[in-house]
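The structure appears right after this line, and notes come after that.
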């Protein structure tokens, strides 16, 4: 018994000495850009992965700067799953320098991106906007990356594409457990298909209706279910007085009574619009950790707000 305990003690000390700081022992150390990606990777990787998030809860993805400790932890990571936001470009250069052996996987690979929605799409350019909604004006390698919508995790059909990319990467990194990853992936996709069917039923008969948001994060969601988002924010900034007036008039014309904001953004402009239209401000978190539950919750809020 003493000999066994001695061996266990030596093994424990060895593990403590050689364990990677910041990561669980015997798991694949993974970094992702945003919290919803953590959900996807954990659903597929299960107990075989240890996932760290770059953009912490409550922070703004589009204006985030990695912390020194994160850069240090990155040097131990095996893989980084990028989401495709323009802000990542600067990170990825630092990531490559910090950990040249770490693999960077772009989960937006194979996804056809749409332009970021602006309010003018819903004014005099209705005919032009209809063409964009029909699929024209999408990214075909011609647009500037900064003008394309990076919020691909808010569309269940697009998340299935990202899940496949994550699966392929984990199976290549850890081929010993490829069957486990495949089983977990299939379970995730089954859940996404069920969610997609529920959302289609939720928004049946509401095609073309509009909901107002501060930050235009819900373009892919709207695209998937035949809706239209009307953003208050213009090119990442609060609207000017004349633009704000136009938004208020548009909301009145369309009977919009709810303005949705994300917890990561100021609600000041949204509150002004809501007050002027006799409406209210509601939260729709695009970066919630429980992605599946959050999508259902936000969908119910959108449904209640649609007129």
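In the numbering used here, the protein residues as written are 68 to 374. Note that the Cβ used here is the ideal one computed from N, Cα and C, for glycine as well. It should be emphasised that the depicted structure is a prediction, and the values quoted were computed from it without experimental measurement.
Identify, in the order they occur along the chain, each residue of the same chain with its Cβ nearer than 8 Å to the Cβ of residue i, setting aside the five sequence neighbours on each side.
{"i": "residue 328", "result": "280, 281, 282, 334, 337, 348, 349, 350 and 351"}
{"i": "residue 185", "result": "283, 298, 301 and 302"}
{"i": "residue 209", "result": "Low local confidence applies: a pLDDT of 32 at residue 209 is under 50, so the model's placement there is unreliable, with the coordinate-based value given in what follows. Hits under 8 Å: none found."}
{"i": "residue 357", "result": "106"}
Is the distance from the Cβ of residue i to the Cβ of residue j below 9 Å?
{"i": "residue 240", "j": "residue 95", "result": "yes"}
{"i": "residue 288", "j": "residue 237", "result": "no"}
{"i": "residue 219", "j": "residue 359", "result": "no"}
{"i": "residue 262", "j": "residue 170", "result": "no"}
{"i": "residue 266", "j": "residue 292", "result": "yes"}
{"i": "residue 354", "j": "residue 124", "result": "yes"}
{"i": "residue 341", "j": "residue 325", "result": "yes"}
{"i": "residue 110", "j": "residue 251", "result": "yes"}
{"i": "residue 133", "j": "residue 168", "result": "no"}
For residue i and residue j, which I take to be in contact (beta-carbon distance under 8 Å), what is that distance rounded to the nearest angstrom?
{"i": "residue 339", "j": "residue 317", "result": "The Cβ separation is near 14 Å, so there is no contact."}
{"i": "residue 173", "j": "residue 149", "result": "5 Å"}
{"i": "residue 114", "j": "residue 97", "result": "The pair is not a contact, with the Cβ atoms about 13 Å apart (cut-off 8 Å)."}
Which first and last residues belong to the alpha helix (DSSP H) in which residue i is found?
{"i": "residue 176", "result": "Premise fails: residue 176 is in no alpha helix (DSSP H) and is neither H nor E."}
{"i": "residue 102", "result": "102-112"}
{"i": "residue 130", "result": "Careful: residue 130 lies outside any alpha helix (DSSP H) and carries neither H nor E."}
{"i": "residue 139", "result": "135-141"}
{"i": "residue 308", "result": "308-321"}
Leaving aside the five residues before and after residue i along the sequence, list all residues of the same chain whose C-beta is less than 6 Å from its C-beta, in chain order.
{"i": "residue 369", "result": "278"}
{"i": "residue 138", "result": "165"}
Might you give, ordered along the chain, the residues of its own chain that have their beta carbon closer than 7 Å to the beta carbon of residue i, omitting 5 neighbours on each side?
{"i": "residue 343", "result": "315"}
{"i": "residue 122", "result": "100, 101, 128 and 131"}
{"i": "residue 176", "result": "232"}
{"i": "residue 166", "result": "141, 142 and 144"}
{"i": "residue 373", "result": "273, 276 and 278"}
{"i": "residue 227", "result": "256 and 259"}
{"i": "residue 245", "result": "238"}
{"i": "residue 214", "result": "182 and 183"}
{"i": "residue 108", "result": "97, 99, 116, 118, 148 and 233"}
Report whether the distance from the Cβ of residue i to the nearest heavy atom of the ligand COA is below 8 Å.
{"i": "residue 93", "result": "Annotation note on the ligand COA: not contained in the displayed structure, which lists no ligands."}
Going by DSSP, what residue range makes up the beta strand (DSSP E) through residue i?
{"i": "residue 119", "result": "116-120"}
{"i": "residue 296", "result": "295-298"}
{"i": "residue 95", "result": "95-99"}
{"i": "residue 163", "result": "Here residue 163 belongs to no beta strand (DSSP E); instead the alpha helix (DSSP H) covers 155-165."}
{"i": "residue 149", "result": "146-149"}
Is there at least one Cβ from chain B nearer than 9 Å to residue i's Cβ?
{"i": "residue 113", "result": "In the displayed structure, chain B is absent; only one protein chain is listed."}
_Suppose only complete runs of 4+ residues qualify. What are the alpha helix (DSSP H) ranges in the segment 333-363, listed by chain order?_
335-343
*asked:* I'd like the ranges of any alpha helix (DSSP H) spanning at least 4 consecutive residues and lying wholly in the segment 200-285.
replied: 223-240 and 245-269
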